[in-house]
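S.K.:
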Amino acid sequence: MVLTFIFLIIAGFAAGLLASVAGLASLVSYPALLAVGLPPVIANVTNTTALIFSGIGATASSLKELRGHWKKLTLYVILSLIGSIGGSVLLLIAPASSFEKVVPFFILFAGILLFMSGRKKDVSTAKLKQAHQTPTKRFWVSLISLTGIVLVGAYTGYFGAAGGVIFLAILSIITDDRFTVVNAMKNVIAFGGNLIATVIFIFKSKIDWLLVIPLGFGLLIGGYTGPIIVRHSNIHLLRILISLAAFGLAGYLFVTAYF
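Position 49 of the sequence shown, counting from 1, maps to 37 under the numbering used here, and the rest follow consecutively.
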């Protein structure tokens, strides 16, 4: 049991880094839980519960980036939670296995969006264009953007794979904020989604709380460390690496879904 705890702490740290930097925690944390003998369903809900600690660490570490953005972020979190609840309800009606064949394409699209959003944004020009938009056009742009947040929230509540990357991609498209700010907002939104999912799982499924402790501890430290790394990284290179990771995950899920 001691070795299991040490293994999960290390896996949690690595997953926390991936969660807070790229939104790809489950590439490490979910397989780690399977490796210690948990059945897939219990591993999934235990993983989601432990990811709350990554959200706590990442949010605490990102307060500098989030300063001045809380009003907008609160709206994004609420919309995401609405979508997440809807996705969770849909999951009770239609199993996620029926959706597996289209998931790789969602992740591929997110990777492309994130890669394309890497082009330099002229914030002053963007604001000038926004100022010259008609009220009707501003309304539709806002509606489409906010609907996108709800839909991504529904996706994460229903299936969840690479939800953080998809949020990162859509936030990069609909806002003119720096990547460090967008990444910080993504972490808070993911935290809210995992929290609401855990509440549902407490009543609807079985969580292995004993394994949540070491995995969550590692996730907390990794989640806190991730934003610090982002803050001092080459953002252009980091965005490319995350996009490539999304392409790789999309390819893996495509192979497992179709072959």
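Just so you know, even glycine gets a beta-carbon here, dropped at the ideal spot from N, CA and C.
Which first and last residues belong to the alpha helix (DSSP H) in which E53 is found?
M.R.: Segment 51 to 54, the alpha helix (DSSP H) holding E53.
S.K.: Expressed to the nearest angstrom, what Euclidean distance is found between the alpha-carbon atoms of T47 and F247?
M.R.: Each residue's alpha carbon lies about 39 Å from the other.
S.K.: Under 7 Å between the Cβ atoms of S42 and G145?
M.R.: No. Outside cutoff.
S.K.: Spatial neighbours of L6 within its chain, please: CB distance less than 7 Å, with the 5 preceding and 5 following residues excluded, ordered by chain position.
M.R.: Contacts found: L12, A13, L15, V16.
S.K.: Tell me which residues share the same chain as N182 and place their Cβ nearer than 7 Å to its Cβ, disregarding the 5 neighbours each side in the sequence.
M.R.: The answer, listed in chain order, is T36, L39, I40, G43.
S.K.: Return yes when the Cβ of L207 is within less than 7 Å of the Cβ of L0, no when it is not.
M.R.: It should be noted that the sequence gives Gly, not Leu, for residue 0. Taking 7 Å as the Cβ cut-off, G0 and L207 qualify as a contacting pair.
S.K.: Are S68 and I161 touching if we call contact CB-CB under 7 Å?
M.R.: No, they are not a contact pair.
S.K.: If I measure Cβ to Cβ from A238 and keep anything under 7 Å in the same chain, skipping five residues before and after, which residues do I get?
M.R.: If we look at A238 and ignore the five residues flanking it on each side, its Cβ neighbours are P92, I95, L96, G99.
S.K.: Around the Cβ of I177, are there at least 16 other Cβ atoms within 10 angstroms (buried) or fewer (exposed)?
M.R.: Burial call: buried.
S.K.: Measure the C-alpha to C-alpha separation of V153 and I217 and round it to an integer number of angstroms.
M.R.: Approximately 17 Å, taken between the alpha carbons.
S.K.: Return the Cβ separation of L159 and K174 in integer angstroms, given the expectation that the two are a contact with Cβ distance under 8 Å.
M.R.: Confirmed, about 6 Å.
S.K.: Determine the DSSP secondary structure at V200, reduced to helix, strand or coil.
M.R.: Reduced to three states, the DSSP call for V200 is helix.
S.K.: Under three-state DSSP, which class holds F189?
M.R.: F189 falls in the helix class under three-state DSSP.
S.K.: Closest to G141 by CA distance: which of V9, G75, A234, A3 is it?
M.R.: Closest by alpha carbon: G75.
S.K.: Secondary structure at T89, three-state DSSP: helix, strand or coil?
M.R.: According to the sequence shown, residue 89 is Lys rather than Thr. Coil.
S.K.: Output the distance between the C-alpha atoms of P215 and G45, rounded to the nearest integer angstrom.
M.R.: Approximately 9 Å between the Cα atoms of the pair.
S.K.: Whole angstroms are fine: how far does the CA of T186 sit from the CA of L325?
M.R.: What the structure shows of the chain is the stretch from -11 to 247, and residue 325 is not part of that stretch, so it cannot be assessed.
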